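Q: Below is the structure I would like to discuss, written out as structure tokens.
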Amino acid sequence: MADGAIAIIGRRLGEAVAGGASAAWWTDALGRVADEGPRALPELLPGLARRLGRGLLGGGVVHEPAVTTHGRAARVDLDTWRVCDAAGLELMRACDADPVALFQGGDYEERTIVLRAQALLPAGPATARLFGEIQRTNTATHFEALACDHNLPSRACGIAGFGPDELNRLVLKAAFLDLPLARLLGIEEHANAELSRMLQDLATEREAAGRPVWADTDRLVGLAPAPGTLLRLLGALTHGDERRRRAAAEALRRVPRPDVAHLIAERAAHERADDVRRLLDGLAAEWGS
Amino acid sequence: MRIFEPHAHMISRVTDDYERMALCGVRAVLEPAFWLGQNRTSVGSFVDYFDTLVGWERFRARQWGIHHFCTLALNPREANEPRVNRDVLAVLPRFLEKDGVVGVGEVGLDDQTPVEEEFFAAQLELAVRHALPVLVHTPHRDKKRGFERSLAIVRESGIPLEHVLLDHGNEETIRITRDSGCWSGFSIYPHTKMDVDRMVRIVQQYGVETFIVNSAADWGVSDPLRVPRTALALELAGVPRDEISRLVWDNPAGFFAQSGRFTVAEIERPPNVDRRETFDGNSVLRGQDPGSY
């Protein structure tokens, strides 16, 4: 069986630290946590980025069967993990630290490290508190560390203090920050009509202000249509940006509406992009038959 | 000329000051933690203040191409404040490990009370434990005796003397500090402590070997350009440029580089800055094009 995320992270951390200028410091740090427990962390976390570096671990998306919530295993993209993040996880796994206190007392880097580690630590009341913290921050790095490049929000939805409403607000904030849907692993299965309404309202607001709309809006609202979704997707078929037209055509596949097959066929005749035209032709044929 | 301003309370200065300092050659600033003009009543205000010095203030300086460092401590004035003194000492160890913290300070004596001495000694111990240099504030009143007492406490602590900067010196205190092994700081003020002309005479008489000059700019009558003004006055008085450069760059940068938290070579380049980035949503810029200075 392939190694889980935690074993891979531990191995790569070991390789990165071995023989380096901070190898002795790191051994001492692990010893301090073993002796003193969580009390040692506030003095150890601030130095991680400075002493061990911010080099990327790499490794792509991997599972961790030992960390589960609601029976679902953790999944993380190690391409976004740095050596200091790996060290933070190791220290937090070695003792029963309070991540909320570490977050609140932490500087920019410490907060990033504490938040990223949550993807591979047991989800509980502290996780819900931290989701609340990142909803209030305007520091995109911190939001990304807890919300992106792993399936923690998707997996944790349903724990006390982090239900579907909180998850919707988290996705809306990701849209507000223009973070790609692909970085919110597993979120698509939580698509719901209320989230679609929120995303559509945000899109309308942005359009009124002449500002760009979140590129994944149509894709996500297509998964759970709300009032206005069909009109929005049909309208997007004439958008000047080819990517927006493609996303709308793909989303329409999930909103079967034979009564508008003739509109789709009409639009297909004018579509310049071959793949989008094929999608529309397919829809028109399927719905019209 | 590249300038390291080794003592400026930037939290009390406006953003325009950073720009003026940058235009005058200031490329690095050291901000010591100090008294805020009135006593704090709980440790929480210290924690927020320390967070500002390692967070927002560094961000603000970087917007103008200036490296920002700080020293953190319980200042001598508030060492006398029982509502905060022990709690501040308890939070210091974790702050002393944070990025941008390159020393312990301002510590020392102000009114020269026994409790000030107790917290001065305790913080020297912290400096030894975290291998950091120390910035020592010296009293405004009864200065000469305060210098002698400070030096005695420093010696008792066992800290390497080259890790100690005795600040706010004058012609009287040079005789005490010069051969002590410690560094001597001079705060150049518009009206009090030390002025530009007196500083020129000190350099002409003693050279610049272990001297450091600063503006100690804060919310009072003070001037964050006093170091550039001193450098200009020294040049006009015929002091060689390389000697002036030692005084305003090599000495302060070398002193705080003893922290091991940065190297002098590193800060010869400006900090990496992307002015489109914000700090907790605040960019300092108000409608200004991030690409223009």
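Line by line, the protein sequences are chains A and B. Those letters in the first sequence? Residues 0 to 288, per numbering that gives the first Met the number 0, in order. Those letters in the second sequence? Residues 0 to 292, per numbering that gives the first Met the number 0, in order. Every residue gets a Cβ at the ideal spot worked out from N, C-alpha and C, and that includes glycine. Quick caveat: nothing in here was measured; it's all calculated off a predicted structure.
Would DSSP call Ser153(A) helix, strand or coil?
A: DSSP places Ser153(A) in helix when its eight states are reduced to three.
Q: Just the C-alpha distance for Leu108(B) and Glu267(B), rounded to the nearest angstrom, thanks.
A: Their backbone Cα atoms lie some 34 Å apart in a straight line.
Q: So, helix, strand or coil for Ala151(B), using DSSP?
A: Helix.
Q: Determine which residues share a DSSP beta bridge with Arg71(A) and list them.
A: DSSP output for Arg71(A) lists Thr68(A) as bridge partner(s).
Q: Candidates Val42(B), His67(B), Phe119(B): which alpha carbon is nearest Glu4(B)'s?
A: Checked all of Val42(B), His67(B), Phe119(B); the closest Cα to Glu4(B) is His67(B).
Q: Which same chain residues end up closer than 7 Å to Ala267(A) when comparing Cβ atoms and leaving out the 5 residues on each side of it in sequence?
A: Here the set comprises Arg276, Leu279, Asp280, Ala283.
Q: For a contact defined as C-beta to C-beta under 7 Å, what are the partners of Pro92(B) on chain A?
A: Glu42, listed in chain order.
Q: In chain A, which residues lie with their C-beta within 8 Å of the C-beta of Val103(B)?
A: What Val103(B) touches in chain A: nothing, since even the nearest Cβ is about 15 Å away.
Q: From the DSSP output, in three-state form, read off Thr70(B) for me.
A: Note: Thr70(B) maps to strand in three-state DSSP.
Q: By the 10 Å Cβ neighbour count, where 16 or more other Cβ atoms means buried, how is Gln203(B) classified, buried or exposed?
A: When all chains shown are included, Gln203(B) counts as exposed.
Q: In the region 60–138 of chain B, which residue ranges form an unbroken beta strand (DSSP E) of at least 3 residues, counting only runs that do not cross its ends?
A: Listed in chain order, they are 66–71, 100–107, 133–136.
Q: My guess is that Val163(B) and Val135(B) are in contact by the Cβ rule of under 8 Å, so how many angstroms apart are they, rounded?
A: Val163(B) to Val135(B), Cβ: 6 Å. Contact.
Q: Under 7 Å, CB to CB, which of the residues in the region 35–58 of chain B have a partner in chain A?
A: Against chain A - using a Cβ distance shorter than 7 Å - the residues of the region 35–58 of chain B are Val53, Gly54.
Q: Regarding Trp286(A) and the ligand ZN, is the C-beta to nearest heavy atom distance less than 7 Å?
A: With respect to the ligand ZN, the structure offers nothing, as it holds no ligand at all.
Q: What residues are listed by DSSP as bridge partners for Arg19(B)?
A: Beta-bridge pairing links Arg19(B) to no other residue.
Q: Jot down the residue ranges of each uninterrupted alpha helix (DSSP H) in the region 160–214 of chain A, minimum 4 residues, whole runs only, in chain order.
A: Listed in chain order, the complete alpha helix (DSSP H) runs (minimum 4 residues) inside the region 160–214 of chain A are 163–175, 192–207.
Q: At 7 Å on the CB atoms, spell out the chain B contacts of Glu108(A), in chain order.
A: Those within 7 Å of Glu108(A) in chain B are Asp98.
Q: Looking at the strands, I want to know which residues DSSP matches up with His62(A).
A: Beta-bridge pairing links His62(A) to Arg74(A).
Q: Can you check which of these residues, Val61(A), Gly36(A), Arg53(A), Leu40(A), is closest to Asp2(A) by C-alpha distance?
A: For the residues Val61(A), Gly36(A), Arg53(A), Leu40(A), the minimum Cα distance to Asp2(A) belongs to Val61(A).
Q: What is the C-beta distance between Leu217(B) and His8(B), in whole angstroms, given that I count them as a contact (C-beta under 8 Å)?
A: As written in the sequence, residue 217(B) is Asp, which differs from the Leu given in the question. Between His8(B) and Asp217(B) the Cβ distance is about 4 Å, and since that is below 8 Å, they are a contact.
Q: Any idea if Asn150(A) is buried or exposed, counting beta-carbon neighbours within 10 angstroms, 16 or more meaning buried?
A: Buried, because 16 or more other Cβ atoms sit within 10 Å of the Cβ of Asn150(A).
Q: Say whether chain A places a C-beta atom closer than 8 Å to the C-beta of Gly286(B).
A: False, the Cβ-Cβ gap to chain A never drops below 8 Å.
Q: Does Pro5(B) come out as helix, strand or coil in the three-state DSSP assignment?
A: Looking at Pro5(B) - three-state DSSP - the assignment turns out to be coil, as it is neither helix nor strand.
Q: Leaving out the 5 sequence neighbours to the left and right, which residues in its chain are closer than 6 Å to Val66(A) when beta-carbon positions are compared?
A: Here the set comprises Ala73, Leu119.
Q: Between Leu101(A) and Glu35(A), what straight-line distance do the alpha-carbon atoms span, to the nearest angstrom?
A: Looking at the two C-alpha atoms, the distance is approximately 16 Å.
Q: Taking C-beta pairs closer than 9 Å, name the residues in chain B that Asn191(A) reaches, listed in chain order.
A: Near Asn191(A) there are no residues of chain B at all, since even the closest Cβ is about 29 Å away, more than 9 Å.
Q: Less than 8 Å between the CB atoms is what I'm expecting for Pro45(A) and Asp84(A), so what's the real figure, rounded?
A: The Cβ separation is near 14 Å, so there is no contact.
Q: Spell out the partners DSSP gives Ala27(B) in its beta bridges.
A: According to DSSP, which records beta bridges pairwise, Ala27(B) is partnered with Phe3(B), His66(B).
Q: Which two residues bound the contiguous beta strand (DSSP E) that contains Val207(B)?
A: From DSSP, Val207(B) is part of no beta strand (DSSP E); its letter is neither H nor E.
Q: So if DSSP puts Ser298(B) in a beta bridge, which residue, or which two residues, is it bridged to?
A: Chain B is shown only over 0 to 292; residue 298(B) falls outside these bounds and no answer can be derived.
Q: Between Glu241(A), Leu180(A), His141(A), Pro124(A), which lies nearest to Gly162(A) when the distance is taken from Cα to Cα?
A: Here the closest residue by C-alpha is Pro124(A).
Q: Indicate whether at least one CB of chain B lies closer than 8 Å to the CB of Glu138(A).
A: Note on residue identity: the sequence assigns Thr, not Glu, to residue 138(A). Yes, because at least one Cβ of chain B sits closer than 8 Å to the Cβ of Thr138(A).
Q: What does the Cβ neighbour count give for Ser291(B), buried or exposed, with the cut at 16 atoms within 10 Å?
A: Exposed.
Q: Tell me, please, whether the region 164–174 of chain A touches the region 90–99 of chain A by the rule of three or more beta-carbon pairs shorter than 8 Å.
A: In short, these stretches do not touch, since the Cβ pair count stays below three.
Q: Would you report the Cα separation of Leu232(A) and Gly160(A), rounded to the nearest angstrom?
A: So the two alpha carbons sit approximately 34 Å from each other.
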